[in-house]
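Residue numbers (the working numbering): 1 to 56. Have a look at the structure below, then the notes.
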Amino acid sequence: MRLCPGGPLLVRGADVVRDEAGVAHAVTRPVVAVCACGKTGRPPWCDGTHKVVRRG
Ligand code: FES
């Protein structure tokens with residue numbers, strides 16, 4: 001895993017990602033970007049919204 005500063009958590013080689021509620025989301029790609037900002041429109045995946053929301 002790798003946290004991109006101000007962006008998503010990149011997860012490599014996972015079969016499943018569980019969200020905060022414990023719901024399992026199947027992973028179908030070698031690397032997926034999981035939202036770490038909490039503003040995505042399609043959780044748990046990063047949709048790029050972190051680029052337009054302000055932090056702080
Ligand atoms: S980290 Fe990209 S939308 Fe949250």
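Ideal Cβ positions, reconstructed from N, Cα and C, are used throughout, including at glycine.
Query raised in the report: Leu-10 and Val-31 look like a contact to me (Cβ under 8 Å); what is the Cβ gap, rounded to whole Å?
Result: Position 10 of the sequence shown, counted from the first residue, corresponds to residue 10. Position 31 of the sequence shown, counted from the first residue, corresponds to residue 31. That belief holds up - the Cβ atoms of Leu-10 and Val-31 are roughly 6 Å apart, short of 8 Å.
**Report entry** Candidates Ala-33, His-50, Lys-51 and Gly-7, of which the one nearest Arg-18 by Cα
**Finding:** Your numbering for residue 18 matches position 18 in the sequence shown. Among Ala-33, His-50, Lys-51 and Gly-7, the Cα nearest to that of Arg-18 is on Ala-33.
Report task. Measure how close the beta-carbons of Cys-37 and Val-53 come, nearest whole angstrom, since I'm counting them as under 8 Å. Result -> In the sequence shown, the residue the question calls residue 37 occupies position 37. In the sequence shown, the residue the question calls residue 53 occupies position 53. About 6 Å; that satisfies the 8 Å criterion.
Query - Bounding residues of the beta strand (DSSP E) (the contiguous stretch that carries His-25) - result: Here residue 25 corresponds to residue number 25 of the sequence shown, with the count starting at 1. Run containing His-25: 24-26, per the beta strand (DSSP E) assignment.
Query raised in the report: Sorry if obvious, but does the Cβ on Asp-19 come closer than 8 Å to a heavy atom of the ligand FES?
Result: In the sequence shown, the residue the question calls residue 19 occupies position 19. The answer is no for Asp-19.
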